[in-house]
Ligand code: 13P
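In this note's numbering, the protein residues as written are 2 to 341.
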């Protein structure tokens, strides 16, 4: 294991003022995103969309890394350069989603375990050759009646730790993503309880699997009420509860935490991050690794039209800049109106 390279790449992924773009939607997920703008998902439209994102002028000021999907890491920009090469030339680290998705956990109705460990060592070696310097694996924990069970949390933590150890062996920084979903009607208190149990299990497993904590990036959910909960927590409460929860469970050896947006609106995700970064400095960088919260308005502006590429790139740059400002707490909600 090359610890020095792992550690320096992990630090670069959560560099001050920057965060990660999650552009690793699987073929099924990107189709859902394109359906919403009335665009057919094809090899060409997916390439055109990712090209729009990766060539947007100025984003390297705010984007430290991009998570790619297997198809995308093999695709090229319009100028013929492979996407990983284009990103690296801009000072942006290329990353790769390596999990094979959350699948039903046999015997545990309504719960899932993320698959993709078989053959992972060989796949990581290939991805490293294609330019990947970090990877992502997403475990999914749903909250509902009687779930999550401790067993499902353990199964997911175990898989995350096996993945992380294999990544580090291949000199690839693992993004460790245990996502507690915000889909239900649960309170923020219930989310806190489940996030605590999940993080405790994940760090126990990482320790047991001898994962070097200095060479990972944690990608958690924020602690937030379910979307269908009548009692939504105020933004400051989300920020306070999330940081308190992380302080209890994330060792200070971890260089950074890059949140997922998980269904929050663009403005909500940016505000929550900014409020957290205004608090007393925690031991780790608090950053973003957003998918929807970085791309929604860009997709709505583009809608698959070549004539709208430049406008969509401006919208994307602006969203990246807002989140860059949130990295040191200098974003505020009024900025949304000012630039709209
Ligand atoms: P969202 O920010 O849209 O939740 O996506 C981030 C991600 O990569 C989920 O795995």
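Beta carbons: idealized from backbone N, C-alpha and C, even for Gly. Because the structure is a prediction, the values reported are computed rather than measured.
Quick one: Cα of residue i to Cα of residue j, how far?
{"i": "residue 125", "j": "residue 45", "result": "26 Å"}
{"i": "residue 67", "j": "residue 22", "result": "5 Å"}
{"i": "residue 197", "j": "residue 224", "result": "10 Å"}
{"i": "residue 83", "j": "residue 75", "result": "7 Å"}
{"i": "residue 150", "j": "residue 201", "result": "14 Å"}
{"i": "residue 272", "j": "residue 189", "result": "17 Å"}
{"i": "residue 6", "j": "residue 169", "result": "10 Å"}
{"i": "residue 419", "j": "residue 187", "result": "Past the edges of the chain, shown from 2 to 341, lies residue 419, and the structure says nothing about it."}
{"i": "residue 110", "j": "residue 267", "result": "33 Å"}
{"i": "residue 330", "j": "residue 276", "result": "6 Å"}
{"i": "residue 27", "j": "residue 96", "result": "14 Å"}
{"i": "residue 238", "j": "residue 308", "result": "42 Å"}
{"i": "residue 229", "j": "residue 119", "result": "37 Å"}
{"i": "residue 33", "j": "residue 16", "result": "32 Å"}
{"i": "residue 127", "j": "residue 121", "result": "10 Å"}
{"i": "residue 106", "j": "residue 206", "result": "19 Å"}
{"i": "residue 259", "j": "residue 328", "result": "10 Å"}
{"i": "residue 166", "j": "residue 177", "result": "11 Å"}
{"i": "residue 181", "j": "residue 195", "result": "7 Å"}
{"i": "residue 318", "j": "residue 48", "result": "19 Å"}
{"i": "residue 298", "j": "residue 314", "result": "10 Å"}
{"i": "residue 172", "j": "residue 108", "result": "36 Å"}
{"i": "residue 269", "j": "residue 139", "result": "22 Å"}
{"i": "residue 160", "j": "residue 99", "result": "12 Å"}
{"i": "residue 334", "j": "residue 293", "result": "18 Å"}
{"i": "residue 236", "j": "residue 214", "result": "30 Å"}
{"i": "residue 336", "j": "residue 323", "result": "8 Å"}
{"i": "residue 316", "j": "residue 152", "result": "43 Å"}
{"i": "residue 227", "j": "residue 86", "result": "39 Å"}
{"i": "residue 218", "j": "residue 211", "result": "15 Å"}
{"i": "residue 380", "j": "residue 36", "result": "Here the chain has residues from 2 to 341 only, and residue 380 is not among them."}
{"i": "residue 342", "j": "residue 242", "result": "A query on residue 342 cannot be resolved here, the shown segment of the chain reaching from 2 to 341 and no further."}
{"i": "residue 310", "j": "residue 220", "result": "30 Å"}
{"i": "residue 78", "j": "residue 291", "result": "22 Å"}
{"i": "residue 233", "j": "residue 183", "result": "11 Å"}
{"i": "residue 282", "j": "residue 240", "result": "13 Å"}
{"i": "residue 265", "j": "residue 2", "result": "37 Å"}
{"i": "residue 193", "j": "residue 146", "result": "16 Å"}
Counting only the same chain and skipping the five closest in sequence on each side, list residues whose C-beta sits under 7 Å from that of residue i.
{"i": "residue 13", "result": "65 and 94"}
{"i": "residue 312", "result": "302"}
{"i": "residue 216", "result": "4, 7, 8, 11, 169 and 174"}
{"i": "residue 321", "result": "60, 63, 64 and 295"}
{"i": "residue 191", "result": "144"}
{"i": "residue 101", "result": "116 and 117"}
{"i": "residue 89", "result": "95 and 132"}
{"i": "residue 25", "result": "68, 69, 70, 98 and 137"}
{"i": "residue 199", "result": "142, 154, 179 and 181"}
Report, in whole angstroms, the separation of the C-beta atoms of residue i and residue j, which I expect to be a contact under 8 Å.
{"i": "residue 185", "j": "residue 222", "result": "Not really, about 12 Å apart at Cβ, beyond 8 Å."}
{"i": "residue 255", "j": "residue 280", "result": "Going by Cβ atoms, the distance from residue 255 to residue 280 rounds to 18 Å, so no, they are not a contact pair."}
{"i": "residue 300", "j": "residue 38", "result": "6 Å"}
{"i": "residue 51", "j": "residue 30", "result": "Not really, about 13 Å apart at Cβ, beyond 8 Å."}
{"i": "residue 103", "j": "residue 162", "result": "That belief does not hold up - the Cβ atoms of residue 103 and residue 162 are roughly 17 Å apart, past 8 Å."}
{"i": "residue 289", "j": "residue 81", "result": "The Cβ separation is near 31 Å, so there is no contact."}
Suppose the cutoff is 8 Å on Cβ atoms and the five residues either side in sequence are ignored; what does the same chain contact list for residue i look like?
{"i": "residue 40", "result": "46, 304 and 305"}
{"i": "residue 278", "result": "287, 327, 328, 329 and 330"}
{"i": "residue 357", "result": "The requested residue 357 does not occur in the structure, where the chain is confined to residues 2 to 341."}
{"i": "residue 253", "result": "284 and 285"}
Please return the same chain residues whose Cβ sits closer than 6 Å to the Cβ of residue i, not counting the five positions on each side in sequence.
{"i": "residue 158", "result": "202, 203 and 206"}
{"i": "residue 156", "result": "114"}
{"i": "residue 18", "result": "325 and 328"}
{"i": "residue 91", "result": "61"}
{"i": "residue 332", "result": "271, 275, 323 and 326"}
{"i": "residue 112", "result": "106, 148 and 153"}
{"i": "residue 257", "result": "15, 218, 285, 286 and 288"}
{"i": "residue 123", "result": "none"}
Q. So does the segment 43-58 actually touch the segment 243-258, counting three or more Cβ pairs closer than 8 Å?
A. No: fewer than three Cβ pairs fall under 8 Å.
(Q) Can you tell me which residues fall inside 5 Å of the ligand FAD, judged by beta-carbon distance to its nearest heavy atom, and keep chain order? (A) Inclusion of the ligand FAD in the displayed structure is not the case, the ligand content consisting of the ligand 13P alone.
**Q.** Contact between the segment 131-138 and the segment 47-63 (3+ Cβ pairs under 8 Å)
**A.** Touching, no.
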